[in-house]
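> Chains as they are written, first to last, in our numbering: chain A, 1 to 285; chain B, 1001 to 1424.
Each residue gets a CB set at the ideal place from its N, CA and C atoms; glycine is no exception.
One structure, as structure tokens, below. Some questions next.
Below, the structure is given as structure tokens:
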């Protein structure tokens, strides 16, 4: 029961965490601020560049050529019967979105220490706005993918999307949730001891090779290895996209549900840790 | 009237030094004691009071210790104290930038904090875009900003540049724009840290005027930190004096300001001496105020010449060193500033090794009657171990008296130079 006195005070500051529950209501109250950060992030990126957005279209093409040479030609890894550019681009676009989201979420407290040291608003506003603003770049890269895709269809290749493509928004949501959850965990753990930053940097770059980006999941014939691959929550997301886009890959509701489960757990741990750190990190950063 | 803010046993501990393996050992020990053994945090017992000038034994200091006070709704409270007394920490706690180590702070109403002008400004965005950004960061809603947009632009005086990226603004314009947004912030409790110290004199006047409007009308509660006793006196009704993290005095603003000013100068007189430190490259060991006969005193007539005489020791030449002398009037305003390189560049660099005397002549009819303190600092931008080479800071106090003119000691202002009213 709250006494009358407790109701009178609108703000009570104690050594304990600010956030009630997960603090998501406070974040929702700041949605206008989130929107402004999204707008700022997008507009600032193209200021004083000659090519502007062009870089986003071209970027994935460079990686694609590299993959074609290294993994396609030199290593000779098959691509599920799909033209190599289409296969690699689909993986590159998704992975790039996921890893940039993860990277920016994991440095939230560090990068914004300046502004956080001067004013209070729910700190979660920052990583959430990043997830959305990075969508812009992601959608431009998907355009590159679509262009290459259409090019091959026009050439008469049998490439056909399947109904699973309708799951695309779900896939994006899953990637955002995973990146946010893990990013918040990393960000909370690295406020005081920076050593972990280096560890996670290495971890993320290796993670790509544990995800079917440069090879199809079907190429992993060893049953144990195949099973381990499916423990990676990103595997099913990438595979579902490939099934949806051109019908090659493995899809199962179970593994998608597993990814969703991972997301929920990571988000809960991430938000809880972040809320605990949010109050005092500025003293130790 | 009802209270707007309550501080109850609020303390804030900081750990000094670098984050290292030692920190990790303490953290593990703290975790072991509190989480596993269920005891109290062992490091909360060992902190020392935060006195910057003496070297402590503990790595932990209390930036604030057992702070208790209440502020009524509509009160305007000035918080004063020396650097490191805990003023900014107190405001940071109230604006939730960081949390207290112990204690509870309660507030009634929306808190708007202004610890910096223009938080969140981005150089690539236009003035208008930055108004929205900064306003939202400070806690305004979109509708509020929209409704006040014209007033904000008008107050800032940047209409012409409002659709130009802020990186093309002069630093003064950026400050104006930032302050303009903050001035139209409309919370029940406003927390302001020394932001008026920026910008040119005209704008400062405008800003103080605006602050006065804000605090006098609508029963808003304001907590205001400043080193400028003038603006504290004109804005606040109540003052809180902090010293080494505790409240030293709390009461009517003028008496608190007087106490602060006399307090910081209480041990000073006409001469100042300190022990010779064999490790320093450059140091002042003695400062005296002398009349024209060479006698030490600290009451001078406006009609006499007098001297500031210092004894300097040079062990090694410090490149780029220069001296800064300031006469501060009793109201806290810098009345007169002199740099050693005003007339000849690098004058102090050529001082011979060993002991020497530096003499500064204060001409007659310069300072107005009143009491002043002498502030000294020696700095160099090329010094390896830091900007400050030797920092005596406040060394002496003296009084000026005018026994010749009709107005005499009642003459306000900072100068006593007499002007001739000629017929031409």
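1) Determine the extent of the alpha helix (DSSP H) in which residue 1360 of chain B is found, giving its start and end residues.
2) Do residue 1401 of chain B and residue 1292 of chain B count as a contact pair if the criterion is CB distance below 7 Å?
3) Would you say residue 133 of chain A and residue 195 of chain A are within 7 Å of each other, going by their C-beta atoms?
4) How would you call residue 1333 of chain B, buried or exposed, if buried means at least 16 neighbouring beta carbons within 10 angstroms?
5) For residue 1331 of chain B, which three-state DSSP category applies?
6) Could you tell me which chain B residues have their CB closer than 8 Å to the CB of residue 280 of chain A, listed as they occur along the chain?
7) What are the residues of the stretch 1077 to 1109 of chain B that lie near chain A, defined by any Cβ-Cβ distance shorter than 7 Å?
8) How many angstroms separate the CA atom of residue 1129 of chain B from the CA atom of residue 1155 of chain B?
9) Please name the residue in B:1237, B:1063, B:1345 and B:1269 whose C-alpha comes closest to that of residue 1256 of chain B.
10) Output needed for residue 1347 of chain B: all residues of its chain with C-beta closer than 7 Å, excluding positions within five of it in sequence on either side, in chain order.
11) When the Cα atoms are used, what is the spatial distance from residue 1374 of chain B to residue 1395 of chain B?
12) Do the stretch 1362 to 1370 of chain B and the stretch 1263 to 1283 of chain B meet, that is, are 3 or more Cβ pairs less than 8 Å apart?
13) For the stretch 124 to 136 of chain A, which residues have a beta carbon sitting closer than 7 Å to at least one beta carbon of chain B?
14) Quick check: what's the CA-CA separation for residue 1330 of chain B versus residue 1116 of chain B?
15) Under 6 Å Cβ to Cβ from residue 236 of chain A, same chain only, skipping five residues before and after it: list those, please.
16) Mind checking which residues open and close the beta strand (DSSP E) that includes residue 1286 of chain B?
17) With 16 as the cutoff for other CB atoms within 10 Å, does residue 1 of chain A come out buried or exposed?
18) How is the beta strand (DSSP E) around residue 1392 of chain B delimited, first residue to last?
19) Got a sec? Which residues, its chain only, sit under 8 Å from residue 60 of chain A by beta carbon, not counting five neighbours each side?
20) Apart from the five residues on each side of it in sequence, which residues of its chain come closer than 7 Å, Cβ to Cβ, to residue 30 of chain A?
21) Compare the C-beta of residue 28 of chain A against all C-beta atoms of chain B and say whether one is closer than 7 Å.
22) Use the C-beta contact count for residue 130 of chain A: other C-beta atoms within 10 angstroms, 16 or more gives buried, fewer gives exposed.
23) For residue 1099 of chain B and residue 1015 of chain B, I'd like the C-alpha separation in whole angstroms.
24) Mind checking if residue 1026 of chain B is an interface residue toward chain A, Cβ cutoff 7 Å exclusive?
25) Could you compute how far the alpha carbon of residue 1161 of chain B sits from the alpha carbon of residue 1170 of chain B?
26) Excluding sequence positions up to five away, which residues of its chain have a Cβ less than 8 Å from the Cβ of residue 1384 of chain B?
27) Compute the beta-carbon to beta-carbon distance between residue 942 of chain B and residue 1186 of chain B, rounded to the nearest angstrom, for a pair I have assumed lies under 8 Å.
28) Report all residues from its chain with a CB closer than 8 Å to the CB of residue 153 of chain A; omit the five preceding and five following residues, and keep chain order.
29) Can you have a look at residue 74 of chain A and say buried or exposed, based on whether 16 or more other CB atoms are within 10 angstroms of its CB?
30) Name the chain A residues whose beta carbon is nearer than 7 Å to that of residue 1133 of chain B?
31) Pair every Cβ in the stretch 96 to 116 of chain A with every Cβ in the stretch 179 to 193 of chain A, then say whether three or more of these pairs are closer than 8 Å.
32) How many angstroms separate the CA atom of residue 1276 of chain B from the CA atom of residue 43 of chain A?
33) Per the contact definition of three or more C-beta pairs closer than 8 Å, is the stretch 1207 to 1227 of chain B in contact with the stretch 1071 to 1085 of chain B?
34) Considering only residues of the same chain and omitting the five flanking positions on each side of residue 83 of chain A, which have a CB-CB separation below 6 Å?
35) Which chain A residues sit within Cβ distance under 9 Å of residue 1115 of chain B?
On the basis of the data shown:
1) Element bounds for residue 1360 of chain B: not the alpha helix (DSSP H) but the beta strand (DSSP E), 1354 to 1362.
2) Not in contact: residue 1292 of chain B and residue 1401 of chain B (Cβ atoms no closer than 7 Å).
3) no
4) exposed
5) coil
6) 1098 and 1099
7) Taking 7 Å as the Cβ-Cβ cut-off, the stretch 1077 to 1109 of chain B approaches chain A at 1093, 1095, 1096, 1097, 1098, 1099, 1100, 1101, 1102, 1104, 1105, 1106, 1107, 1108 and 1109, given in chain order.
8) 16 Å
9) B:1237
10) 1340 and 1341
11) 6 Å
12) As far as the Cβ criterion goes, the stretch 1362 to 1370 of chain B does not touch the stretch 1263 to 1283 of chain B, which means the pair count is below three.
13) Within the stretch 124 to 136 of chain A, not one residue has a Cβ closer than 7 Å to any Cβ of chain B.
14) 28 Å
15) Residues of the same chain with a CB within less than 6 Å of the CB of residue 236 of chain A, apart from the 5 flanking positions on each side, are 255, 256 and 259 in chain order.
16) 1282 to 1291
17) Annotation note: pLDDT 44 at residue 1 of chain A (below 50); position unreliable, coordinate value reported separately. It counts as exposed.
18) 1388 to 1401
19) 89, 92, 93, 96, 141, 144 and 145
20) 121, 122 and 125
21) With 7 Å as the cut-off, residue 28 of chain A does not count as an interface residue toward chain B.
22) With 16 or more other CB atoms across the displayed protein chains lying within 10 angstroms of its CB, residue 130 of chain A is buried.
23) 14 Å
24) no
25) Distance between the alpha carbons of residue 1161 of chain B and residue 1170 of chain B is about 11 Å.
26) none
27) The question about residue 942 of chain B has no answer, for chain B in this structure spans 1001 to 1424.
28) 159
29) exposed
30) 36 and 40
31) The answer is yes - the stretch 179 to 193 of chain A touches the stretch 96 to 116 of chain A, with three or more Cβ pairs under 8 Å.
32) Approximately 59 Å between the Cα atoms of the pair.
33) yes
34) 152
35) Result: 117, 118 and 119.
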